[in-house]
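First up is the structure itself, then whatever we jot down about it.
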Amino acid sequence: MATQSRQHALTQARLLFNQQGAVPGGIVAEPILRSWRRCADLGFDMRGVRRADLMTQGELREAQQRNEALRRLSEPAMSYLHREAGGSGNLVILSDAQGLVLDSGGDTGFASRASRVALMPGAPWDEAAAGTNAIGTALVEGRPIAVHGAEHYFEPNRILTCAAVPITDSEGRTLGVLDLSSQARDVRPDVLELVRAAVDLIEHGLFERAYEHHAVLRLHTDHSGLGAPGEGLLAFQGDLLVGANRRALQALGLAATALGVYRYTDVFDGELERCPDAAGRVHARTGASYHARLRLPRSRAPQPVAPALPPAGSARPVAPSFDAATLGALARAVHLADAGVSILLQGETGVGKEVFARQLHARSKRASGPFVAVNCAALPESLIESELFGYEDGAFTGARRQGSKGLLRQAHGGVLFLDEIGDMPLLLQSRLLRVLQTREVSPLGAARPVPVDFALVCATHRPLAHEGPDAPVRPDLYFRIAEYTVTLEPLRTRADRLELLRALWAAQGPGPVLPPQIEAILAAYSWPGNYRQLAAVLRTLHVLAGPSGVVEADMLPAELSPPARARGDAADMPPVGGGTADLQSLADGAIRDALAAHGGNVSRAARALGVHRSTVYRRAAALGLPRSR
Numbered sequence: 004m005a006t007q008s009r010q011h012a013l014t015q016a017r018l019l020f021n022q023q024g025a026v027p028g029g030i031v032a033e034p035i036l037r038s039w040r041r042c043a044d045l046g047f048d049m050r051g052v053r054r055a056d057l058m059t060q061g062e063l064r065e066a067q068q069r070n071e072a073l074r075r076l077s078e079p080a081m082s083y084l085h086r087e088a089g090g091s092g093n094l095v096i097l098s099d100a101q102g103l104v105l106d107s108g109g110d111t112g113f114a115s116r117a118s119r120v121a122l123m124p125g126a127p128w129d130e131a132a133a134g135t136n137a138i139g140t141a142l143v144e145g146r147p148i149a150v151h152g153a154e155h156y157f158e159p160n161r162i163l164t165c166a167a168v169p170i171t172d173s174e175g176r177t178l179g180v181l182d183l184s185s186q187a188r189d190v191r192p193d194v195l196e197l198v199r200a201a202v203d204l205i206e207h208g209l210f211e212r213a214y215e216h217h218a219v220l221r222l223h224t225d226h227s228g229l230g231a232p233g234e235g236l237l238a239f240q241g242d243l244l245v246g247a248n249r250r251a252l253q254a255l256g257l258a259a260t261a262l263g264v265y266r267y268t269d270v271f272d273g274e275l276e277r278c279p280d281a282a283g284r285v286h287a288r289t290g291a292s293y294h295a296r297l298r299l300p301r302s303r304a305p306q307p308v309a310p311a312l313p314p315a316g317s318a319r320p321v322a323p324s325f326d327a328a329t330l331g332a333l334a335r336a337v338h339l340a341d342a343g344v345s346i347l348l349q350g351e352t353g354v355g356k357e358v359f360a361r362q363l364h365a366r367s368k369r370a371s372g373p374f375v376a377v378n379c380a381a382l383p384e385s386l387i388e389s390e391l392f393g394y395e396d397g398a399f400t401g402a403r404r405q406g407s408k409g410l411l412r413q414a415h416g417g418v419l420f421l422d423e424i425g426d427m428p429l430l431l432q433s434r435l436l437r438v439l440q441t442r443e444v445s446p447l448g449a450a451r452p453v454p455v456d457f458a459l460v461c462a463t464h465r466p467l468a469h470e471g472p473d474a475p476v477r478p479d480l481y482f483r484i485a486e487y488t489v490t491l492e493p494l495r496t497r498a499d500r501l502e503l504l505r506a507l508w509a510a511q512g513p514g515p516v517l518p519p520q521i522e523a524i525l526a527a528y529s530w531p532g533n534y535r536q537l538a539a540v541l542r543t544l545h546v547l548a549g550p551s552g553v554v555e556a557d558m559l560p561a562e563l564s565p566p567a568r569a570r571g572d573a574a575d576m577p578p579v580g581g582g583t584a585d586l587q588s589l590a591d592g593a594i595r596d597a598l599a600a601h602g603g604n605v606s607r608a609a610r611a612l613g614v615h616r617s618t619v620y621r622r623a624a625a626l627g628l629p630r631s632r
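First residue of the sequence shown: 4, per the working numbering; consecutive thereafter.
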């Protein structure tokens with residue numbers, strides 16, 4: 004009787020909303036009402052039907068391949084959820100971060116009925132396609148949502164009752180949604196708890212996979228919960244917090260923006276190496292205490308926060324291991340970009356502006372969407388308009404049949420990266436400004452504009468903020484693209500160049516040895532080409548030395564060779580590690596200490612230093628040091 008009364012009240016609320024745009028308080032839950040208002044703003048009629056069509060099988064396969072890791076890790080959780088929900092009369096749905104249904108499983112009879120409203124793989128269930136529904140509304144609200152019967156916006160969807168929970172990764176980024184759908188009359192009071200438990204399984208697996216080579220701290224209020232999917236998980240690189248699951252963030256009152264910025268001592272008392280205490284606990288700065296277990300990294304090899312070096316021949320730029328300040332700026336930029344704020348990146352050539360932009364895309368809510376990079380300096384002026392804005396069939400002589408979407412439309416749903424924005428012709432800047440203001444693109448030859456939705460990141464190697472005839476960008480465009488500015492510092496200003504160098508060399512993979520004296524030369528160099536130049540040099544040295552060789556001084560490029568440096572190249576370099584001692588003296592000192600520590604045994608000293616025995620023999624002989632073999 005209560006259920007019937009509830010459905011009757013909802014029916015009346017729908018009539019009122021459709022007629023007047025308002026509902027008496029208390030009848031419809033606030034998240035549902037917010038969704039109804041969003042749908043009304045889109046011009047939807049409650050008595051209508053969904054607007055989006057199913058994907059083709061080929062398009063669905065591509066989407067499934069893009070999300071293969073998520074699908075694979077979700078299979079056990081989907082089986083668990085179907086079983087715990089009773090097996091019959093329900094359907095378990097996995098969608099991507101845009102609301103596209105990737106997989107479904109469960110009762111075949113109910114699946115057939117659900118297909119009548121397109122609840123099946125290949126169907127988009129974001130609010131813009133399907134109105135108020137658990138998958139789409141959970142994505143917009145960023146929280147678990149249950150939508151029962153007539154709470155669905157479109158009339159045909161009243162046959163469903165659905166509960167959905169977003170799936171997030173260890174950086175707080177939404178990867179998809181897990182949904183349990185059944186007939187509208189089958190409402191379970193614990194349905195959201197069931198779906199939450201299944202999502203915990205998925206997120207637990209994602210975290211373990213992502214941080215296998217990091218120190219991982221497990222937290223739970225109950226000792227028996229350690230090692231189970233409901234535990235809190237924190238990943239550390241050294242003592243820097245680089246990952247956390249949803250449970251840990253909630254328990255500690257942290258936002259995802261703390262990742263890459265906070266250290267262990269910012270969150271807990273004591274030191275990471277000494278946790279947990281004798282009672283098996285850690286004590287948070289908030290005053291809370293948790294049962295804990297620390298798992299040390301399974302590999303001691305240095306692991307940079309950002310991917311270090313791609314394979315040779317890769318078109319993607321090298322990702323520097325960002326320092327804490329840059330990681331903090333990145334976290335803020337992600338948060339702002341997700342809120343629709345335009346980001347401008349400034350910095351010398353090679354400092355990693357595109358890398359920063361790609362990292363922003365990967366950590367943002369638009370990670371599953373495209374990343375479209377446009378070098379405004381590389382596009383011919385005669386083609387830049389058609390390449391950016393697209394064109395219709397027959398728009399001009401030589402136009403491709405069926406026209407072209409253009410790069411701005413290709414970025415729809417993702418991130419548009421405009422590199423060297425200062426080199427865009429002034430005449431086109433006004434068109435770009437209009438696109439940014441209206442969020443519509445007018446392709447050449449088109450009768451009407453096309454809506455676009457993307458996050459904007461621009462980059463420049465030169466100052467943009469000035470007026471006059473030589474100003475690279477219009478002032479009105481500048482203030483539109485520079486709502487938040489990030490300046491990336493050059494490599495030569497980093498105090499941790501030696502540690503960074505070692506991490507990047509380790510990322511090349513096993514093989515040749517980089518001796519201390521070569522390390523010192525590389526770390527002291529000014530690197531006018533910044534990370535791009537450093538990456539090229541490291542890759543070259545790695546190849547020249549071979550799988551089992553040692554990097555020798557004569558392998559260094561001319562600008563880094565000892566004669567070049569003797570001419571004064573290093574005179575204006577910042578000190579490495581706080582000193583300007585002669586590099587050869589440093590190397591000789593290391594050899595002297597290693598021989599002393601190993602009783603003159605050259606083989607053991609060479610192994611300790613990570614250099615070839617011939618290097619130790621040669622320098623020991625020159626220094627007159629005692630050696631055995």
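No residue lacks a Cβ here, since even glycine has one placed at the ideal position from N, Cα and C. A quick note: this is a predicted structure, and the numbers were derived from the prediction, not measured.
| Check | Outcome |
| --- | --- |
| Distance check for Y214 and G283, CA to CA, integer angstroms please. | 22 Å |
| Can L262 and V245 be called in contact, C-beta distance under 9 Å? | yes |
| Do the CB positions of G425 and P478 come within less than 9 Å of each other? | no |
| Does the stretch 515-531 come into contact with the stretch 364-383, if we say contact requires no fewer than three beta-carbon pairs (one atom in each stretch) closer than 8 Å? | no |
| Would A167 pass as a contact of T140 if the rule is Cβ separation under 9 Å? | yes |
| In the DSSP assignment, find the unbroken alpha helix (DSSP H) run with R188 in it and report its ends. | No alpha helix (DSSP H) contains R188, which DSSP labels as neither H nor E. |
| Which residue marks the beginning of the beta strand (DSSP E) containing Q240, and which one marks its end? | G235 to Q240 |
| In angstroms, rounded to a whole number, what distance separates the CA positions of R412 and V120? | 29 Å |
| Rank S118, L204 and F113 by C-alpha distance to the C-alpha of R53 and give the top, closest one. | S118 |
| Write down the C-beta distance between A468 and Y481 rounded to the nearest angstrom, noting that I regard them as a contact closer than 8 Å. | 6 Å |
| Based on DSSP bridge pairs, tell me the residues matched to A462. | L348 |
| Is R212 buried or exposed, if buried means 16 or more other CB atoms sit within 10 Å of its CB? | exposed |
| Excluding the 5 residues flanking H545 on each side, which residues of the same chain have their C-beta closer than 7 Å to its C-beta? | Q511, G514 and P515 |
| Going by beta-carbon coordinates alone, are L541 and M558 separated by less than 9 Å? | no |
| What do you get for N160, buried or exposed, if any count of 16 or more other CB atoms within 10 angstroms of its CB means buried? | buried |
| Return the residue from the list A281, F271 and L626 that minimises the CA-CA distance to G290. | F271 |
| Just the C-alpha distance for L339 and R595, rounded to the nearest angstrom, thanks. | 53 Å |
| Which residues in the same chain as L419 place their Cβ atom closer than 6 Å to its Cβ, once the five residues preceding and following it in sequence are excluded? | V375, F457 and L459 |
| Could you give the residue range of the alpha helix (DSSP H) that holds H364? | K356 to R366 |
| Which class does E492 belong to by DSSP, given the choice of helix, strand or coil? | coil |
| Residues in the same chain with beta-carbon distance under 7 Å from D92, minus the five sequence neighbours each way, listed in chain order, please. | Just to set this straight, residue 92 is Gly in the shown sequence, not Asp. Excluding sequence neighbours, G92 sits near D110, F113, S185, Q186 and D189. |
| Straight-line CA distance for G549 to A556? | 15 Å |
| Taking the beta strand (DSSP E) that P478 falls in, what are its first and last residues? | Where P478 is concerned, there is no enclosing beta strand (DSSP E), although the alpha helix (DSSP H) it sits in stretches over P478 to I484. |
| Look up V377 in the DSSP assignment and say whether it is helix, strand or coil. | strand |
| Please determine, among I162, P127 and D99, the residue with the shortest C-alpha to C-alpha distance to R116. | I162 |
| Taking only the alpha-carbon atoms, compute the straight-line gap between T329 and A126 and give it to the nearest angstrom. | 39 Å |
| Where does V202 sit, in a helix, a strand or coil, going by DSSP? | helix |
| Check whether the Cβ atoms of L236 and A247 sit closer than 9 Å, and answer yes or no. | yes |
| On the DSSP letters alone, give me the boundaries of the alpha helix (DSSP H) that D225 sits inside. | D225 -> no alpha helix (DSSP H), and no H or E assigned at all. |
| In whole angstroms, give me the CA-to-CA distance for T490 and L410. | 26 Å |
| Determine the burial state of P446: buried for a count of at least 16 other Cβ atoms within 10 Å of its Cβ, exposed for fewer. | buried |
| So does the stretch 494-501 actually touch the stretch 521-541, counting three or more Cβ pairs closer than 8 Å? | yes |
| Identify whether H11 lies in helix, strand or coil by the three-state DSSP scheme. | helix |
| By Cβ distance, which residues of its chain are closer than 7 Å to A539, with the 5 residues on each side in sequence left out? | none |
| To test your reading of the DSSP string, which unbroken alpha helix (DSSP H) runs of 4 or more residues are found completely within the stretch 59-95? | 60-69 and 71-87 |
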